[in-house]
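Okay, structure first, notes after.
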Amino acid sequence: MADGPKPSSSVKLVLLGEAAVGKSSLVLRFVNDDFQENREPTIGAAFLTQKCNLPNRTIKFEIWDTAGQERFASLAPMYYRNAQSALVVYDLTKASSLAKAKHWVAELQRQASPGIVIALVGNKLDLTNQSTGLESSMGGLSLSAAANDGDEEEEEEGDARQITTAEAKSYADEEGLLFFETSAKTGHNVQEVFTAIANAIPESTLKTRGGPGSGRTGGGAAGDTFGGSGGVNLSAVGETNKDGCAC
Amino acid sequence: MWGGGSKKPQSGPAQEMVQVDRSESSFWRSRSPQSNATSTPHRDGAYKPPTDSQTKVVGASYSYADMLNFENTPSRPKTPTHSKHKSTPSTGSHSPTNAAASYNAFMSQTDDDWGLDLNDTSIPKETTVTGGLGSIASMAGVTSIEGRPSGAKGSKGAGGGYEYPLAKKRTKGLKAQFEGLVRDPGNSLHMIYHPPINTDVHSSAEIEAMNARISRINKFKTVLQSSTVDLTKLRSLAWGGIPDELRPMAWQLLLGYLPANCDRRVATLERKRREYLDSAKQAFSRGEAGMDQTIWHQISIDIPRTNPHIPLYGHNTTQRCLEKILYVWAIRHPASGYVQGINDLVTPFWQVFLSAYIEGDVETFDPGSLPPEVLDVVSADCFWCLTKLLDGIQDNYIHSQPGIQRQVSQLRDLVRRIDSGLAKHLNDVQVQFIQFSFRWMNCMLMREFSVKNVIRMWDTYMSEGNSGFSEFHLYVCAAFLVKWSAELKKMDFQEVMMFLQSLPTKEWGEKDIGLLLSEAFMWQSLYRNSSAHLRDDGTTVHNEELNL
Chain A
1 MADGPKPSSS VKLVLLGEAA VGKSSLVLRF VNDDFQENRE PTIGAAFLTQ KCNLPNRTIK
61 FEIWDTAGQE RFASLAPMYY RNAQSALVVY DLTKASSLAK AKHWVAELQR QASPGIVIAL
121 VGNKLDLTNQ STGLESSMGG LSLSAAANDG DEEEEEEGDA RQITTAEAKS YADEEGLLFF
181 ETSAKTGHNV QEVFTAIANA IPESTLKTRG GPGSGRTGGG AAGDTFGGSG GVNLSAVGET
241 NKDGCAC
Chain B
1 MWGGGSKKPQ SGPAQEMVQV DRSESSFWRS RSPQSNATST PHRDGAYKPP TDSQTKVVGA
61 SYSYADMLNF ENTPSRPKTP THSKHKSTPS TGSHSPTNAA ASYNAFMSQT DDDWGLDLND
121 TSIPKETTVT GGLGSIASMA GVTSIEGRPS GAKGSKGAGG GYEYPLAKKR TKGLKAQFEG
181 LVRDPGNSLH MIYHPPINTD VHSSAEIEAM NARISRINKF KTVLQSSTVD LTKLRSLAWG
241 GIPDELRPMA WQLLLGYLPA NCDRRVATLE RKRREYLDSA KQAFSRGEAG MDQTIWHQIS
301 IDIPRTNPHI PLYGHNTTQR CLEKILYVWA IRHPASGYVQ GINDLVTPFW QVFLSAYIEG
361 DVETFDPGSL PPEVLDVVSA DCFWCLTKLL DGIQDNYIHS QPGIQRQVSQ LRDLVRRIDS
421 GLAKHLNDVQ VQFIQFSFRW MNCMLMREFS VKNVIRMWDT YMSEGNSGFS EFHLYVCAAF
481 LVKWSAELKK MDFQEVMMFL QSLPTKEWGE KDIGLLLSEA FMWQSLYRNS SAHLRDDGTT
541 VHNEELNL
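Just so you know, the sequences run in chain order A and B. Going by UniProt numbering, the residue at position 155 of the first sequence is 155; the numbering climbs one at a time, nothing skipped. Going by UniProt numbering, the residue at position 172 of the second sequence is 172; the numbering climbs one at a time, nothing skipped.
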């Protein structure tokens, strides 16, 4: 019912974050509504697409899901350079993964397109006491209310949480990031992340899309790292297949 | 069956791994006349058409285990539990007179050194077997004790007759001969089982395939049994695929881990295995606190994610052994450390070396019940062979992974040469080679093929010498990509990416792999020596000359 004349646009999204925080699992949940324990680690990057229906338009995400291990970090610029949005993921049961996420946020702010929409996502909520998903209807911001309880809950037994909602939320606010806590395993908040990103993409950005290179050339895309050829020019992608959908 | 065999490379790489130490003390040589002498009667005996009148045909060579368990012949060989109990009246029970004619015909076409199969280390001396094959079996017992280097050299074999700790160590799935194997992989040559051929059950095509297998195995055995293995010959044979039973030994030889000279094997293996076990012990001696946290963390999160679809890798024992191997390798190679993808590369070794010790399908096996001794040996062999493999592709895993970047751009240049239409199309839809082939290089196509197929590919890679995993792999990738040329040319960016990320290779078998390898060989023959071809655009750095 949603199709028809509704305008459709493509949005490039890149996932970044430490190894094994659940980047691929978030995408798999979003794209296929599926979850697999112990998926093989991503090598290099994986490409996927998924549509997101908004009331007045359809956004087609073209997703680059990158590998998390430090050794592959030099590949990342190729994938985020032309991205309009980024999902920076940490594992809220692992303190060091938020530090890594902050590092990625800083790098994006420095190197990626100036208008890039960044969402900070704490994954593996199912491993904490908040895993019941009662607040699943809440948007990202409403989680800040729950944040007040975060400190107390952390002490409860069986809670593997190492990063409080308050801590991550305040960092996200400081940096102007969208913020969510998710569980790729239960599906909690996953759709919401992508919908929020879709809503946050400025319409003006979408309208400028037309042909190769017209989309995101801002940020003065730096020289190429690999093979002497141009960077990943994702701008042209999907132009010929606007109605295509991965699902 | 071995599809790639016909295109075997004649010009092998340098023979630096050949062991030319033909030392005098060759146990093998001094014993070989005796061996030959004793094996001759086997042959006569073994090939005598049986007189009993059942419907089964004994069609092939047996390990002693088969002869001792004739009741069960059609199934896998049961390992003997007790020498004395095993003096089973044999033979006749399988071999039908009514099939004798075809049996003879079949025998006459097959290879002529089967008798060697009977020459098994592990036959207890006191075995007495009656019936048609009785003399053979007992002969084999005698020969094995005196005629095999490992048997004589090993502490247990020296006195005459093996002592098996069978009663205490009977483990489900573990081969009874494991102690001989632990000492010397050469003993695998005498544990090959050939299923009986039955003209009533098997089609002529099947019989032909079985005969081909036997003949091929015997070719390998001829090479592997010599006191100093001729690695050039082994390479040229192995290029077209190695029979499963001989693969553990052949891989270890091809990688230069197992000495070609059989006199050095037992001592070398003992030393190398000790070295690994000491390293591992030291690395883990202070518990997790004393370990490199970054490396250990990365390994421990990757181990449960390694081949998760194969039951073998879900077992705790596998996971503990693999993480130890990877960790010890990583701390001994600080320039690269552990990099994701190396966890994939260790699995073919694990699977192949483990398979030497067990019966049945290794991919569904739980190694938890194996004696620690066997696990140590398999782990150590995996560690050293992984080390040998990675030595040749070290720059794939150091900072910024220059080896992979070089290979990716070489691949791009190569495809421009061999399929310019495809190269142009990929360029038009703005697909970059790094976007799909990074993984091909980083994981040696292991994400694109089943482990079984990868194992077959590695037979060939190892036969290519040191450059197999760096250079020949490039041509395999090129052959693999252009295979999909027609489909790819109809696709846009998104379709190309999705397609290349999950190529339809699930149904691929040995034949497909053989064909792919042959095509790669062809491209390599055409382009390897044209040093300019990869420099088309003047930007490519390559190392072709270095390997020539």
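Where is the CB? At the ideal position from N, CA and C, for every residue including glycine.
Opposing strand residues paired with glutamate 175/A [DSSP bridges]: The residue you call residue 175/A lines up with position 175 of the first sequence. Beta-bridge pairing links glutamate 175/A to no other residue.
Inter-residue Cα distance where the pair is alanine 469/B and aspartate 278/B: Sequence index remark: in the second sequence, residue 469/B carries index 469 (1-based). Sequence index remark: in the second sequence, residue 278/B carries index 278 (1-based). Looking at the sequence provided, one finds phenylalanine at residue 469/B rather than alanine. Their Cα atoms are separated by approximately 29 angstroms.
Beta-carbon neighbours of isoleucine 43/A, restricted to chain B and to distances below 8 angstroms: Along the first sequence, one-based indexing puts residue 43/A at 43. The contacting residues are Gln340, Gly341, Phe438, Arg439, Asn442, Cys443, Arg447.
Partner residues on chain B for threonine 49/A, Cβ-Cβ distance less than 7 angstroms: Walking along the first sequence from the start, residue 49/A turns up at place 49. Neighbours of threonine 49/A on chain B, chain order: Gln494.
Contact with chain B by alanine 112/A, beta-carbon distance below 8 angstroms: The residue given as residue 112/A occupies position 112 in the first sequence. No, alanine 112/A lies away from the interface with chain B (no Cβ there is under 8 angstroms from its Cβ).
Three-state secondary structure assigned by DSSP to leucine 258/B: In the second sequence, residue 258/B corresponds to position 258, counting from 1. Three-state result, leucine 258/B: coil.
Distance, cysteine 52/A Cα to lysine 272/B Cα: The residue labelled residue 272/B in the question sits at position 272 within the second sequence. The residue labelled residue 52/A in the question sits at position 52 within the first sequence. Roughly 57 angstroms separates the two Cα atoms.
Neighbour list for proline 371/B in chain A, Cβ cutoff strictly below 8 angstroms: If you number the second sequence from 1, residue 371/B lands on position 371. Those within 8 angstroms of proline 371/B in chain A number zero; the least Cβ separation is about 28 angstroms.
Residue span of the alpha helix (DSSP H) that contains asparagine 453/B, given as start and end: Along the second sequence, read from residue 1 onward, the residue named residue 453/B stands at position 453. Counting along the chain, the alpha helix (DSSP H) containing asparagine 453/B begins and ends at 451 to 463.
Glycine 22/A burial status per 10 Å Cβ neighbour count (16 or more: buried): Taking the first residue of the first sequence as 1, we reach residue 22/A at position 22. Buried, by the Cβ-count rule.
In DSSP terms, what aspartate 65/A is bridged to: Against the first sequence, residue 65/A aligns to sequence position 65. Note: aspartate 65/A sits in a beta bridge opposite Leu15/A, Ala46/A.
Residues near isoleucine 303/B by beta carbon distance below 8 angstroms, same chain, minus five either side: Reading the second sequence from its first residue, position 303 is the one you call residue 303/B. If we look at isoleucine 303/B and ignore the five residues flanking it on each side, its Cβ neighbours are Gln319, Leu322, Glu323, Leu326, Asn343.
Supposed contact pair aspartate 126/A and serine 170/A - C-beta distance, whole angstroms, cut 8 angstroms: As a working note, residue 170/A is residue 170 in the first sequence. As a working note, residue 126/A is residue 126 in the first sequence. Beta-carbon to beta-carbon, serine 170/A and aspartate 126/A are separated by about 23 angstroms, too far to satisfy the 8 angstroms threshold.
Residues from the region 20 to 42 of chain A in contact with chain B, defined by Cβ distance under 7 angstroms: Under the 7 angstroms Cβ criterion, the region 20 to 42 of chain A contributes Ala20, Asn38, Arg39, Glu40, Pro41.
Status (buried if at least 16 other CB within 10 Å, exposed otherwise) for proline 185/B: Translated into the one-based positions of the second sequence, residue 185/B becomes position 185. Burial is judged here by how many other beta carbons sit within 10 angstroms of a residue's own beta carbon; proline 185/B has at least 16 and is buried.
Cross-chain neighbours of aspartate 302/B in chain A, by beta carbon under 7 angstroms: Start at 1 with the first residue of the second sequence, and residue 302/B comes out as number 302. Result: Pro41.
Alpha-carbon to alpha-carbon, leucine 345/B and leucine 386/B: Stepping through the second sequence from its first residue, residue 386/B is reached at position 386. Stepping through the second sequence from its first residue, residue 345/B is reached at position 345. A direct Cα-to-Cα measurement between leucine 386/B and leucine 345/B gives close to 7 angstroms.
Proline 243/B burial status per 10 Å Cβ neighbour count (16 or more: buried): Position 243 of the second sequence holds residue 243/B. Buried, by the Cβ-count rule.
Within-8 angstroms CB hit, proline 308/B to chain A: As a working mapping, residue 308/B is identified with position 308 in the second sequence. Output row for proline 308/B: interface = yes.
Candidates Ile59/A, Leu108/A, Asp91/A, of which the one nearest residue 258/A by Cα: Outside the displayed span of chain A (1 to 247) sits residue 258/A, for which this structure offers no information.
Outcome for serine 204/B when other beta-carbon atoms lying within 10 angstroms are tallied against a minimum of 16: In the second sequence, counting from the first residue as 1, residue 204/B sits at position 204. It counts as exposed.
For isoleucine 197/B and threonine 110/B, the rounded distance between their alpha carbons: The residue given as residue 110/B occupies position 110 in the second sequence. The residue given as residue 197/B occupies position 197 in the second sequence. Confidence in threonine 110/B is poor, its pLDDT being 44 and thus under 50, which makes the residue's placement unreliable; the coordinate value appears in the next sentence. Each residue's Cα considered, the two are about 12 angstroms apart.
Span separating the alpha-carbon of valine 496/B from that of serine 9/A: Locating residue 496/B in the second sequence gives position 496, counting from the first residue. Locating residue 9/A in the first sequence gives position 9, counting from the first residue. The straight-line gap from Cα to Cα measures roughly 20 angstroms.
With 16 other Cβ atoms within 10 Å as the buried cut-off, status of valine 201/B: Locating residue 201/B in the second sequence gives position 201, counting from the first residue. Around the beta carbon of valine 201/B, fewer than 16 other beta carbons lie within 10 angstroms, which makes this residue exposed.
Any chain B beta carbon closer than 8 angstroms to glutamine 69/A: For the purposes of this step, residue 69/A is taken as the residue at position 69 of the first sequence. With 8 angstroms as the cut-off, glutamine 69/A counts as an interface residue toward chain B.
Contact set between serine 85/A and chain B, taken where Cβ atoms lie within less than 8 angstroms: Position 85 of the first sequence, counting from 1, holds the residue named residue 85/A. Chain B residues near serine 85/A: none, gap ~17 angstroms exceeds 8 angstroms.
Endpoints, beta strand (DSSP E) assigned at alanine 86/A: Reading the first sequence from its first residue, position 86 is the one you call residue 86/A. Per DSSP, alanine 86/A is one residue of the beta strand (DSSP E) stretching across 85 to 91.
Alanine 99/A: contacting residues in chain B (beta-carbon distance under 9 angstroms): Counting from one through the first sequence, the residue named residue 99/A turns up at place 99. Going along chain B, no residue has its Cβ under 9 angstroms from alanine 99/A, so there is no contact; the nearest lies around 13 angstroms.
Residue span of the alpha helix (DSSP H) that contains alanine 106/A, given as start and end: Locating residue 106/A in the first sequence gives position 106, counting from the first residue. From DSSP, the alpha helix (DSSP H) with alanine 106/A extends over 95 to 111.
Reference proline 311/B; option with closest CA among Gly341/B, Trp440/B, Pro367/B, Gln401/B: Translated into the one-based positions of the second sequence, residue 311/B becomes position 311. Residue Pro367/B is the option with its Cα nearest to proline 311/B.
Helix, strand or coil at threonine 164/A according to DSSP, with G and I counted as helix: Taking the first residue of the first sequence as position 1, residue 164/A is located at position 164. Note: threonine 164/A maps to coil in three-state DSSP.
Closest Cα partner of leucine 44/A within the set Ala76/A, Leu98/A, Gln191/A, Ala101/A: By one-based count along the first sequence, residue 44/A stands at place 44. Note that residue 44/A is glycine in the sequence shown, not leucine. Distance check between glycine 44/A and each of Ala76/A, Leu98/A, Gln191/A, Ala101/A places Ala76/A closest, using alpha-carbon atoms only.
Below-8 angstroms beta-carbon distance, alanine 166/A vs any chain B residue: Translated into positions along the first sequence, residue 166/A becomes position 166. No, alanine 166/A lies away from the interface with chain B (no Cβ there is under 8 angstroms from its Cβ).
Cβ neighbour criterion (16 or more within 10 Å) applied to histidine 399/B: The sequence position of residue 399/B within the second sequence is 399, counting from 1. Looking at its Cβ environment, which holds fewer than 16 other Cβ atoms inside 10 Å, histidine 399/B is exposed.
Helix, strand or coil at phenylalanine 30/A [DSSP, three-state]: As a first step, residue 30/A must be located in the first sequence, where it is residue number 30. Under the three-state reduction of DSSP, phenylalanine 30/A is assigned to helix.
Short-range partners of chain A found in the region 393 to 404 of chain B, where Cβ spacing is below 8 angstroms: For the region 393 to 404 of chain B, which is checked against every Cβ of chain A, the residues closer than 8 angstroms are Tyr397, His399, Ser400, Gln401.
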